[in-house]
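Residue numbers (the UniProt record's numbering): 1 to 176.
(1) Specify, as a first and last residue, the run of the alpha helix (DSSP H) that residue 82 falls within.
(2) At the level of alpha carbons, what is the spacing between residue 137 and residue 10?
(3) Residues in the same chain with beta-carbon distance under 6 Å from residue 86, minus the five sequence neighbours each way, listed in chain order, please.
(4) If residue 38 sits next to residue 146, beta carbons under 8 Å apart, how far is it from one beta carbon to the other, in whole angstroms?
(5) For residue 31, tell me which candidate among 103, 66 and 162 has the shortest Cα-Cα distance.
(6) Within the same chain, show all residues whose beta-carbon is closer than 6 Å to that of residue 119, passing over the 5 residues directly before and after it, in chain order.
(7) In the DSSP assignment, the alpha helix (DSSP H) including residue 42 goes from what residue to what residue?
(8) Which of the three DSSP states is assigned to residue 10 in this structure?
(9) Given 7 Å as the limit, tell me if residue 56 has its C-beta closer than that to any heavy atom belonging to the ligand FAD.
(10) Taking the alpha-carbon positions, what's the residue 159 to residue 143 distance?
(11) Considering residue 148, what are the terminal residues of the alpha helix (DSSP H) in which it resides?
(12) Taking the continuous alpha helix (DSSP H) assigned at residue 125, which residues delimit it?
(13) Ends of the beta strand (DSSP E) at residue 121?
(14) Could you say which of 47, 104, 174 and 52 lies nearest to residue 69 if we only look at CA atoms?
(15) On the DSSP bridge assignment, give the partners of residue 32 in chain order.
(16) For residue 175, which residues in the same chain have their Cβ closer than 6 Å to its Cβ, ignoring the five residues on either side in sequence?
(17) I need the straight-line Cα distance from residue 109 to residue 36, nearest angstrom please.
(18) In this structure, does DSSP put residue 90 in helix, strand or coil?
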């Protein structure tokens with residue numbers, strides 16, 4: 001009986017750690033990636049720059065929707081890569097999240113504006129409807145549907161491993 005108990009006590013932790021090691025080291029494992037598809041929530045919110053309204057009807061076609069704020073340190077880190085994507089012709093919509101308008105405009109003026117338009121979500125209502133848990137988060141939007149979401153900094157590795165396979169499979173940004 002003692003031999004069986006010892007074998008179980010040795011085998012179970014080894015199996016657990018082996019499974020955990022293989023699961024974490026899987027090449028395409030990104031804890032911030034979410035591939036559930038859902039419709040973009042219906043909204044009507046002001047632009048960051050003026051009092052004009054932006055609604056979900058303005059977001060036809062394919063876009064990245066990037067949730068950012070001037071108070072977000074990681075947003076500053078990811079901003080250079082977003083600017084590079086924008087310069088390569090990837091359309092990006094900014095969703096300014098729980099930020100004072102003046103702070104957001106100063107931040108964009110200082111670091112550059114990679115966005116085609118910026119939605120000013122002062123209270124975070126649209127972000128909440130989209131399932132945002134914090135900034136930064138980036139959504140791949142196609143024809144009114146969110147088809148991928150990433151919580152955290154988008155960089156070259158995340159772009160290539162999380163977003164590009166979907167963009168290539170769905171032929172997004174090629175035919176719009």
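Glycine included, each C-beta is placed from N, C-alpha and C at the ideal position.
This is what the structure holds:
(1) The residue given as residue 82 occupies position 82 in the chain shown. Counting along the chain, the alpha helix (DSSP H) containing residue 82 begins and ends at 73-87.
(2) For the purposes of this step, residue 137 is taken as the residue at position 137 of the chain shown. For the purposes of this step, residue 10 is taken as the residue at position 10 of the chain shown. Our two residues, residue 137 and residue 10, have alpha carbons roughly 42 Å apart in a direct line.
(3) For this step, residue 86 is matched to residue 86 along the chain shown. Taken in chain order, the residues that qualify are 92 and 114.
(4) Walking along the chain shown from the start, residue 38 turns up at place 38. Walking along the chain shown from the start, residue 146 turns up at place 146. Indeed, because the Cβ distance is near 5 Å, the residues count as touching under 8 Å.
(5) Within the chain shown, residue 31 is the residue found at index 31, counting from 1. Checking every option, the nearest Cα to that of residue 31 belongs to 162.
(6) Numbered from 1 along the chain shown, position 119 holds the residue referred to as residue 119. Only 45, 54 and 95 meet the Cβ criterion.
(7) Locating residue 42 in the chain shown gives position 42, counting from the first residue. Looking at the DSSP string, residue 42 is not in any alpha helix (DSSP H), and its letter there is neither H nor E.
(8) Numbered from its first residue, the chain shown carries residue 10 at position 10. Three-state DSSP puts residue 10 in a helix.
(9) For the structure depicted, the ligand FAD is absent and the ligand set is empty, with no information on it obtainable.
(10) One-based indexing of the chain shown puts residue 159 at position 159. One-based indexing of the chain shown puts residue 143 at position 143. If you take the alpha carbons of residue 159 and residue 143, they lie about 20 Å apart.
(11) Position 148 of the chain shown holds residue 148. DSSP places residue 148 outside any alpha helix (DSSP H); the residue lies instead in the beta strand (DSSP E), whose first and last residues are 145-151.
(12) If you number the chain shown from 1, residue 125 lands on position 125. Note, residue 125: alpha helix (DSSP H), 125-130.
(13) In the chain shown, residue 121 corresponds to position 121, counting from 1. DSSP places residue 121 inside the beta strand (DSSP E), whose first and last residues are 117-121.
(14) Taking the chain shown and counting its residues from 1, one reaches residue 69 at position 69. Considering only alpha carbons, the answer is 104.
(15) Residue mapping note: residue 32 aligns to position 32 of the chain shown, counting from 1. Answer by DSSP bridge pairing: none, since residue 32 is not bridged.
(16) As a working mapping, residue 175 is identified with position 175 in the chain shown. The predicted position of residue 175 is uncertain, since its pLDDT is 48 and thus under 50; no value can be drawn from it.
(17) On the chain shown, residue 109 is found 109 positions in, with the first residue counted as 1. On the chain shown, residue 36 is found 36 positions in, with the first residue counted as 1. Distance between the alpha carbons of residue 109 and residue 36: 34 Å.
(18) Within the chain shown, the letter at position 90 stands for residue 90. Residue 90: coil per DSSP, three-state reduction.
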